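Engineer:
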Amino acid sequence: MSDIQQMDSGGTEQVSMKTYAEKAYLDYSMYVILDRALPNVADGLKPVQRRIIYAMSELGLKSSAKFKKSARTVGDVIGKFHPHGDSAAYEAMVLMAQDFSYRYPLVDGQGNWGSPDDPKSFAAMRYTESRLTSYADVLLAELGQGTVDWVPNFDSTMDEPAVLPAQVPNILLNGTTGIAVGMATDIPPHNLREVVAATIKLLGSPKATVADLCEHVQGPDFPTNAEIITPRDEIVALYETGRGGLRMRAVWDTEGGDIVITALPHQVSGSRLLEQVAQQMQAKKLPMVSDLRDESDHENPTRLIIVPRSNRVDLEALMSHLFATTDLERTYRVNINVIGIDGRPAVKPLNQLLKEWLKFRTATVRRRLENRLTKVERRLEILEGYLVAFLNIDEVIHIIRTEDKPKPALMKRFKISDTQAEAILELKLRNLAKLEEMNIKTEQKDLGKERDALKKTLGSDARLKTLIKKELIEVAEKYGDDRRSPLVGREEAKAFSELELVAADPITVVMSEKGWIRAAKGHDIDPTSLSYKSGDSYKMSATGRSNQPAVIIDSTGRAYTVASHNLPSARGQGEPVTGRINPPSGATFEGLMMGDESVLFLLASDAGYGFVARLGDLQSKNRAGKAALTLPKGGRVLQAAAISVMDDAMVAAVSNEGRLLIFPLADLPQMSRGKGNKIIGIPAARVKEREEFVISVQVITPGDSLVIHSGKRHHSIKFSDLEHYRGERGRRGNKLPRGFQKVDRMEVAAG
Numbered sequence: 001m002s003d004i005q006q007m008d009s010g011g012t013e014q015v016s017m018k019t020y021a022e023k024a025y026l027d028y029s030m031y032v033i034l035d036r037a038l039p040n041v042a043d044g045l046k047p048v049q050r051r052i053i054y055a056m057s058e059l060g061l062k063s064s065a066k067f068k069k070s071a072r073t074v075g076d077v078i079g080k081f082h083p084h085g086d087s088a089a090y091e092a093m094v095l096m097a098q099d100f101s102y103r104y105p106l107v108d109g110q111g112n113w114g115s116p117d118d119p120k121s122f123a124a125m126r127y128t129e130s131r132l133t134s135y136a137d138v139l140l141a142e143l144g145q146g147t148v149d150w151v152p153n154f155d156s157t158m159d160e161p162a163v164l165p166a167q168v169p170n171i172l173l174n175g176t177t178g179i180a181v182g183m184a185t186d187i188p189p190h191n192l193r194e195v196v197a198a199t200i201k202l203l204g205s206p207k208a209t210v211a212d213l214c215e216h217v218q219g220p221d222f223p224t225n226a227e228i229i230t231p232r233d234e235i236v237a238l239y240e241t242g243r244g245g246l247r248m249r250a251v252w253d254t255e256g257g258d259i260v261i262t263a264l265p266h267q268v269s270g271s272r273l274l275e276q277v278a279q280q281m282q283a284k285k286l287p288m289v290s291d292l293r294d295e296s297d298h299e300n301p302t303r304l305i306i307v308p309r310s311n312r313v314d315l316e317a318l319m320s321h322l323f324a325t326t327d328l329e330r331t332y333r334v335n336i337n338v339i340g341i342d343g344r345p346a347v348k349p350l351n352q353l354l355k356e357w358l359k360f361r362t363a364t365v366r367r368r369l370e371n372r373l374t375k376v377e378r379r380l381e382i383l384e385g386y387l388v389a390f391l392n393i394d395e396v397i398h399i400i401r402t403e404d405k406p407k408p409a410l411m412k413r414f415k416i417s418d419t420q421a422e423a424i425l426e427l428k429l430r431n432l433a434k435l436e437e438m439n440i441k442t443e444q445k446d447l448g449k450e451r452d453a454l455k456k457t458l459g460s461d462a463r464l465k466t467l468i469k470k471e472l473i474e475v476a477e478k479y480g481d482d483r484r485s486p487l488v489g490r491e492e493a494k495a496f497s498e499l500e501l502v503a504a505d506p507i508t509v510v511m512s513e514k515g516w517i518r519a520a521k522g523h524d525i526d527p528t529s530l531s532y533k534s535g536d537s538y539k540m541s542a543t544g545r546s547n548q549p550a551v552i553i554d555s556t557g558r559a560y561t562v563a564s565h566n567l568p569s570a571r572g573q574g575e576p577v578t579g580r581i582n583p584p585s586g587a588t589f590e591g592l593m594m595g596d597e598s599v600l601f602l603l604a605s606d607a608g609y610g611f612v613a614r615l616g617d618l619q620s621k622n623r624a625g626k627a628a629l630t631l632p633k634g635g636r637v638l639q640a641a642a643i644s645v646m647d648d649a650m651v652a653a654v655s656n657e658g659r660l661l662i663f664p665l666a667d668l669p670q671m672s673r674g675k676g677n678k679i680i681g682i683p684a685a686r687v688k689e690r691e692e693f694v695i696s697v698q699v700i701t702p703g704d705s706l707v708i709h710s711g712k713r714h715h716s717i718k719f720s721d722l723e724h725y726r727g728e729r730g731r732r733g734n735k736l737p738r739g740f741q742k743v744d745r746m747e748v749a750a751g
């Protein structure tokens with residue numbers, strides 16, 4: 001069966017569902033694209049906008065007229081030109097009246113037309129009044145001068161303009177957004193003076209590149225004082241392709257230690273923005289902010305206050321975080337998709353867009369001049385007839401009174417045209433006195449000059465370009481203004497990390513023998529007094545702050561990083577640290593460190609090797625950690641020793657057999673990972689067989705004491721009394737006194 005068949009009985013056309021659906025959807029798609037969603041390059045308007053402006057001009061609602069109810073305008077629009085819902089037409093009208101939505105508003109509204117905080121809060125059309133702005137004359141002034149084509153309205157009862165004769169590239173000035181079928185448009189607004197300057201440049205240099213035009217068009221210009229922070233090269237690339245993105249950032253300053261936001265990105269609501277910041281405060285993600293206030297009023301349309309918790313808060317960093325996480329910085333899509341003068345939708349670069357508009361403008365001006373020339377020539381013809389009538393007034397009156405058909409008689413007698421004869425016959429008696437020869441000849445002379453000038457302009461492309469340039473400059477001088485959206489280079493916004501948002505409270509991280517970890521508030525806790533699971537006990541602890549991670553060294557020499565701010569409380573028994581990291585099977589945990597990234601620690605193995613490491617170099621985001629300390633055969637990891645100062649600091653290393661060696665810390669290298677250098681000389685074979693090995697390595701500074709434990713005994717040695725044990729790095733060291741030949745542990749007691 002074919003897609004289309006004729007039924008024999010009724011003559012009704014049969015169409016398959018597939019064919020009907022395809023055609024219906026295609027027709028709908030083309031309608032939405034061409035007659036609803038996309039603007040025309042000629043006047044920069046969608047059909048509904050064009051019809052609203054034309055209907056208002058037909059109602060006489062020029063900028064100098066009295067306001068009329070908006071419902072009257074909407075009624076005319078939907079009744080005569082746009083058979084759609086009244087609410088849709090009214091919303092389009094409201095948008096053209098909002099000075100915070102349109103860079104150059106086309107409708108002058110009286111009443112509640114919405115606010116930047118809530119653009120949809122406008123009053124119903126029965127309450128508001130409206131008229132056109134003076135800028136609308138740029139689109140309408142030449143409408144009755146034969147400049148554009150007219151098409152029938154939806155029911156063919158009247159005509160409407162296909163486009164409006166725009167005197168400037170309105171497509172760029174106010175921009176637009178729209179969603180069609182399979183395509184969309186997002187054109188940002190621009191500055192009138194900049195666009196006119198670029199258009200004049202292209203008029204004089206048709207081969208000008210986008211880069212040349214961008215010397216004049218610096219970038220979009222939104223109806224807000226917020227900053228455009230998109231780099232210059234990205235803006236140029238945007239105009240070269242017709243597609244891209246823009247970033248806008250709020251303008252802020254400080255006042256009495258508070259942050260004052262004075263301008264928001266385009267179409268950003270101040271109340272919505274404060275909600276976003278308040279949500280972060282409630283979620284405890286902004287501990288450095290104590291209060292928010294909205295002090296906006298008529299004098300200050302945007303004045304939002306953010307109060308920091310103290311004067312120590314880094315306001316630049318805080319605002320950078322808010323730019324990254326709220327609408328204080330916003331990205332806008334740009335897609336310059338318009339209906340060209342050929343009637344086809346396409347994404348166009350800046351030079352192509354302005355070239356097409358100039359082509360339209362040239363044709364419009366030529367049609368205007370030709371229309372005027374026709375009128376001037378017709379008037380000259382009529383004046384010539386008036387002159388004949390004036391010179392022969394008595395004979396003219398006699399012919400009119402006596403002849404049944406005076407027109408042919410007049411034409412035959414005075415050899416005048418049909419137009420001249422008709423003009424003489426339509427002349428009122430009261431005007432006969434005015435038909436003085438001098439007045440007629442003066443008007444003839446003036447019109448003759450105008451006719452000659454029109455012909456010269458129409459016959460010369462150079463003169464036509466000069467006229468277009470002159471008119472562009474006049475419009476720019478009348479309606480142009482300074483740029484509102486400054487283009488500023490800014491660093492990329494960076495949100496606070498989770499750790500940066502955590503309060504820096506002092507904590508003690510405790511690790512048990514079986515690898516259970518927890519955190520206690522403060523530094524004065526005794527970790528040995530905490531309760532442990534049956535068969536488990538205290539192993540090690542480290543003090544720091546809750547915004548500092550804990551670094552753990554396992555028995556294989558790998559380093560792991562664990563966030564400390566969310567560790568379980570020390571009131572309980574903690575949790576297995578293996579739930580947060582992935583150590584090798586069978587590995588135990590031998591070291592625990594905390595502090596700033598710049599803090600130094602002495603890492604060592606009981607084989608007598610070690611090095612100085614920066615804590616930041618040991619940190620890793622990988623759950624499997626990173627290699628830190630390389631162990632010799634038979635060697636084991638020792639608990640890391642914190643280094644408070646480097647100057648005059650000494651390394652104390654003691655073996656299980658009671659040999660103690662003291663040497664300057666400066667003799668050890670600073671490394672990010674590795675085996676390190678020899679600290680104390682112990683034969684490798686003895687380490688391998690576990691006959692002799694290092695019990696502890698500590699860093700001691702002047703004023704400290706070294707406390708050595710052997711069973712129940714302990715021996716305290718002041719820093720000044722360590723001379724007997726000093727030696728070169730890598731030596732065997734000297735024996736401790738009798739009773740300390742078997743050392744259990746060594747500690748440093750602060751002076």
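Residues 1 to 751 in the UniProt record's numbering are what the sequence shown lists, from first letter to last. Each residue gets a CB set at the ideal place from its N, CA and C atoms; glycine is no exception. Predicted, not measured: the structure shown is a model, and the values here were computed from it.
Could you name the residues of the same chain whose beta carbon sits closer than 6 Å to that of Thr364, not counting the 5 residues immediately before and after it, in chain order?
Structural biologist: So the list reads Thr147, Pro165, once near-sequence residues are dropped.
Engineer: What three-state label does DSSP hand Arg309 in the structure shown?
Structural biologist: If DSSP states are grouped into helix, strand and coil, Arg309 belongs with coil.
Engineer: Anyone know if the C-beta pair for Leu629 and Ser655 falls short of 9 Å?
Structural biologist: No, they are not a contact pair.
Engineer: DSSP on Ile643, reduced to helix/strand/coil?
Structural biologist: Correct three-state label for Ile643: strand.
Engineer: With three or more beta-carbon pairs closer than 8 Å as the criterion, would you say the region 365-383 touches the region 449-457?
Structural biologist: Enough Cβ pairs lie closer than 8 Å, so yes.
Engineer: Tell me, please, which residues DSSP counts as bridged to Tyr609.
Structural biologist: Lys678, per the DSSP bridge assignment.
Engineer: Is there contact between the region 275-294 and the region 229-247, where contact requires at least three CB pairs shorter than 8 Å?
Structural biologist: Result no; under three Cβ-Cβ pairs closer than 8 Å.
Engineer: Less than 9 Å between the beta carbons of Leu369 and Leu203, yes or no?
Structural biologist: Their beta carbons are not under 9 Å apart, which means Leu369 does not touch Leu203 by this criterion.
Engineer: Look at the alpha carbon of Thr254 and the alpha carbon of Val260, and state the distance between them as a whole number of angstroms.
Structural biologist: When rounded, the distance between both Cα atoms is 6 Å.
Engineer: Does the distance from the CB of Ile52 to the CB of Met17 come in under 9 Å?
Structural biologist: Result no, Cβ atoms of Ile52 and Met17 do not sit closer than 9 Å.
Engineer: Using the three-state DSSP reduction, which class does Glu477 fall into: helix, strand or coil?
Structural biologist: Reduced to three states, the DSSP call for Glu477 is helix.
Engineer: Determine the direct distance from the alpha carbon of Arg367 to that of Met438, and round the result to whole angstroms.
Structural biologist: Roughly 32 Å between the two C-alpha positions.
Engineer: What is the DSSP secondary structure of Gln548, counted as helix, strand or coil?
Structural biologist: Of the three classes helix, strand and coil, the one that applies to Gln548 here is coil, per DSSP.
Engineer: Leaving aside the five residues before and after Pro223 along the sequence, list all residues of the same chain whose C-beta is less than 8 Å from its C-beta, in chain order.
Structural biologist: The residues are Asp99, Phe100, Ser101, Tyr102, Arg103, Pro189, His266, Arg484.
Engineer: Among Pro568, Lys742, Arg490, which residue has its Cα nearest to the Cα of Val251?
Structural biologist: Among Pro568, Lys742, Arg490, the Cα nearest to that of Val251 belongs to Arg490.
Engineer: When the Cα atoms are used, what is the spatial distance from Thr199 to Pro169?
Structural biologist: One C-alpha to the other measures close to 8 Å.
Engineer: What do you get for Val15, buried or exposed, if any count of 16 or more other CB atoms within 10 angstroms of its CB means buried?
Structural biologist: Exposed: under 16 other Cβ atoms inside 10 Å.
Engineer: Rounded to whole angstroms, what's the CA-CA distance from Phe693 to Lys285? Just pull it up for me.
Structural biologist: If you take the alpha carbons of Phe693 and Lys285, they lie about 49 Å apart.
Engineer: In this structure, what does DSSP give as the bridge partners for Lys68?
Structural biologist: Lys68 pairs with Ser130.
Engineer: Would you kindly work out how many angstroms separate the C-alpha atoms of Lys470 and Lys207, rounded to a whole number?
Structural biologist: Their Cα atoms are separated by approximately 21 Å.
Engineer: So what's Pro527 in DSSP terms, helix, strand or just coil?
Structural biologist: Pro527 falls in the helix class under three-state DSSP.
Engineer: Just how far apart, CA to CA, sit Glu597 and Gly574?
Structural biologist: Approximately 25 Å between the Cα atoms of the pair.
Engineer: Output the distance between the C-alpha atoms of Val699 and Gln741, rounded to the nearest integer angstrom.
Structural biologist: Spanning the two alpha carbons is a distance of roughly 21 Å.
Engineer: Excluding the 5 residues preceding and the 5 following Pro568 in the sequence, name in chain order all residues of the same chain whose CB lies nearer than 6 Å to its CB.
Structural biologist: Arg518, Gly574, Glu575.
Engineer: Using the Cβ count rule (16 or more neighbours within 10 Å means buried), how would you classify Trp150?
Structural biologist: When all chains shown are included, Trp150 counts as exposed.
Engineer: To the nearest angstrom, how far is the alpha carbon of Leu600 from that of Pro632?
Structural biologist: Taking the straight line from one Cα to the other gives about 23 Å.
Engineer: Whole angstroms are fine: how far does the CA of Val388 sit from the CA of Asp446?
Structural biologist: When rounded, the distance between both Cα atoms is 19 Å.
Engineer: For Leu61, count neighbouring Cβ atoms within 10 angstroms of its own Cβ and tell me buried if that reaches 16, exposed if not.
Structural biologist: The residue is buried, with at least 16 neighbouring Cβ atoms inside 10 Å.
Engineer: Starting from Trp150, trace the alpha helix (DSSP H) in both directions and tell me its first and last residue.
Structural biologist: No alpha helix (DSSP H) holds Trp150; the beta strand (DSSP E) holding it covers 150-152.
Engineer: Going by beta carbon distance, what residues of the same chain come within less than 7 Å of His724, once the five residues before and after it are set aside?
Structural biologist: Hits under 7 Å: Asn734.
Engineer: Could you check whether Gly608 and Ile581 sit closer than 9 Å to each other, using their CB atoms as the reference points?
Structural biologist: No. Outside cutoff.
Engineer: Taking the C-alpha atoms as reference points, what is the distance between Pro555 and Leu638?
Structural biologist: Just to set this straight, residue 555 is Ser in the shown sequence, not Pro. Their Cα atoms are separated by approximately 9 Å.
Engineer: Among the candidates Thr302, Ser271, Arg249, Glu299, whose CA atom is the shortest distance from the CA of Tyr332?
Structural biologist: Comparing Cα positions, the closest option is Arg249.
Engineer: List the whole-angstrom C-beta distance separating Ser620 from Thr561, where the pair is believed to meet the contact cut-off of C-beta under 8 Å.
Structural biologist: Confirmed, about 5 Å.
Engineer: With C-beta atoms as the reference, is Lys201 less than 9 Å away from Leu213?
Structural biologist: Going by C-beta atoms, Lys201 is nearer than 9 Å to Leu213.
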